[in-house]
Structure formats: C-alpha cells, structure tokens
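S.K.: Structure provided below as structure tokens; questions to follow.
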Amino acid sequence: MEWVLLFFSGLLAGVLNSIAGGGSFITFPALLFVGLPPVVANATNTFSSCAGYVSGAAGFYQELKEIRHFLPTVVLFSTLGGALGAISLLFIPSAHFEALIPWLMLFATSLFILGERVNRALNDLISRRLKEEPWFRYLSVFLLFLIALYGGFFNAGLGIVILGYLVLTGFSDVHQMNGLKLLISAIVSMTAIVIFIYDGLIDWSSGAAVMLGTLIGGFIAARISRRIDATYVRVGIIITSISLTVYFFYSTY
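The sequence shown begins at 9 in this note's numbering and counts up by one.
What follows is the structure, given as structure tokens:
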C-alpha cells in the first residue's frame, strides 16, 4: 500500500510539474507519511525528481546550444553548490533538520506564491546597464552557487528560485530560461544524489515508486495540459502547500 501511495503521489506530482510546478509539495510529505526519516525522505525526493530534470533539459538542447558559452560556468558552480548543500545535509542531526522542515516548506511555498511578482520586481529594479557591469557578473556567479547549495540541501522550490535568478541576470527568452532551469536542477540533483548514495541516504524502493509515477504523470500531462486551466491547478497547489506548511508547524512546534 505504501508503494501504491508513493506511486500515485509521483503521478500527481508529474502532472503538476508539467502544468504549474510544485510537485515536491506532494512527494516530499508523502515520503515522510510512509515513515521515512526526514533526511532520508529529502534525499529520496531529490533522487525521484532527477529523471524529470534530465529528460526535460534534453528537450531544450537547441536552446541551450545557443548559449553554450555560459554552460561551463553553469556546470561548475551548480556542481560545487549542489555538492556543498548535500554535504551540509549529511552533517545536520535528523532532529535539527526535522525542526527546519516547516521553515523550508514556508520558504518554498512563499516562492511558489510570490515568485512571478518577485521576478517582475527584480527585473524592473535592475537596469540592463547594471547587468553588464563586471562586478554584477561575479555577483551572479556567486548567486548561482548559493542557489545550487540550497538545491543540494532541499530540493523543493528550486525551479522557482532558478527562474528568479535568470530574470535577475538578464535572460528573457522563456525557452532558454526553462532549459537552464532544468539543466541547473539536473546538475544539482545528480551531484547531490552521488553524495547521498555514498552515505546510504536514498530509500531506493520508495524513490523508484515516486520516480515511476512522476514520469508517467509527466507523459499524461503532455497529452491533457491544453484542456486544463493552469490557474486552477496553481490555486490547488497553493492551498495544499499552505495546509502542509501549517501542519508541519503544528506537528513540530
């Protein structure tokens, strides 16, 4: 029954990710619900999400090829940040990470709700000339490292953070942005997974159930997405994520 629950949570997450994002708001709590320790649930959720990132990034091959001069920087700092984030997770006691979960969920939920408004505000605030300053380029690389560090530590909300970063650094082509979002997510996740495997943190059977559901859900969503209003899906995710965040605060504190 646990495997069935995880499969259907992955199925729903795959549909949500393809339409509006936010699938981790379903899969991470589901992994906790079946009894996985918080750190293991987080590592397993990263593993189960990775296949979707990789296949999605491959679908934007042409768009990524157009900005190949930027890709070595992306690969290097996504790898470094993802590794440090994953290593940080290894050294935090399980009880401390459990106490952080409500705050991490609150952060990810806030990003999901306010992400588009924050992106627009950042874009209006920072001029094109400022973005071309040499010091701003160094700052953008450092921000990429910090974002990857967050993704290696806690995967939920990573895509929203990355999109905000890309807007901040001057990207405007939506296809390039989606391709980079998926590429950075894939690199961060794969780096973290290698470290989690070394430390034995991934529950393979649970992760496989979620991953299979996610892949099938993504395929289904590709067929039905034109008939579904993304606004309603987004509202549903917001209600779910807020409810789960309140629950985690209540159960933890």
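Note that beta-carbon positions come from the ideal geometry of N, C-alpha and C, so glycine has one too.
Is Met5 buried or exposed, if buried means 16 or more other CB atoms sit within 10 Å of its CB?
M.R.: Any question about residue 5 goes unanswered here, given that the chain covers just 9 to 261.
S.K.: State the CB to CB distance for the pair Ser17 and Val218, rounded to an integer number of angstroms; the pair is presumed to be in contact (CB under 8 Å).
M.R.: Your numbering for residue 17 matches position 9 in the sequence shown. Your numbering for residue 218 matches position 210 in the sequence shown. Their Cβ separation, rounded to whole angstroms, is 6 Å, which keeps Ser17 and Val218 in contact under 8 Å.
S.K.: Is the beta carbon of Pro37 less than 7 Å from the beta carbon of Leu209?
M.R.: Here residue 37 is taken as the residue at index 29 of the sequence shown, counted from 1. Here residue 209 is taken as the residue at index 201 of the sequence shown, counted from 1. Their beta carbons are not under 7 Å apart, which means Pro37 does not touch Leu209 by this criterion.
S.K.: Rounded to a whole number of angstroms, what is the C-alpha to C-alpha distance between Phe227 and Leu220?
M.R.: By one-based count along the sequence shown, residue 227 stands at place 219. By one-based count along the sequence shown, residue 220 stands at place 212. Between Phe227 and Leu220, the C-alpha separation is close to 11 Å.
S.K.: Assuming Leu14 and Val47 make a contact with CB atoms under 8 Å, what is their CB distance in whole Å?
M.R.: For the purposes of this step, residue 14 is taken as residue 6 along the sequence shown, with counting starting at 1. For the purposes of this step, residue 47 is taken as residue 39 along the sequence shown, with counting starting at 1. Contact doesn't hold; Cβ gap of about 17 Å is too wide.
S.K.: Counting only the same chain and skipping the five closest in sequence on each side, list residues whose C-beta sits under 7 Å from that of Ala49.
M.R.: Taking the first residue of the sequence shown as 1, we reach residue 49 at position 41. For Ala49, where only same-chain residues beyond five positions count, the Cβ hits under 7 Å are Phe36, Leu39, Leu40.
S.K.: Does the region 108–125 come close enough to the region 57–72 to have 3 or more Cβ pairs within less than 8 Å?
M.R.: no
S.K.: State the DSSP-derived secondary structure class of Phe33, mapped to helix, strand or coil.
M.R.: Position 25 of the sequence shown, counted from the first residue, corresponds to residue 33. Helix, per DSSP.
S.K.: When we look at the beta-carbon of Thr81 and count the other beta-carbons within 10 Å, is it buried (16 or more) or exposed?
M.R.: Within the sequence shown, the letter at position 73 stands for residue 81. Exposed, because fewer than 16 other Cβ atoms sit within 10 Å of the Cβ of Thr81.
S.K.: Measure the CB-CB distance between Phe161 and Gly89 and report whether it falls below 7 Å.
M.R.: As a position in the sequence shown, residue 161 is number 153, starting the count at 1. As a position in the sequence shown, residue 89 is number 81, starting the count at 1. No, these two residues do not count as a Cβ contact at 7 Å.
S.K.: How close, in whole Å, do the beta carbons of Val149 and Phe85 come, if the pair is a contact with beta carbons under 8 Å?
M.R.: Counted from its first residue, the sequence shown places residue 149 at position 141. Counted from its first residue, the sequence shown places residue 85 at position 77. Right, their Cβ atoms sit about 6 Å apart.
S.K.: Could you tell me the distance, in whole angstroms, from the CA atom of Leu108 to the CA atom of Tyr261?
M.R.: Against the sequence shown, residue 108 aligns to sequence position 100. Against the sequence shown, residue 261 aligns to sequence position 253. One C-alpha to the other measures close to 11 Å.
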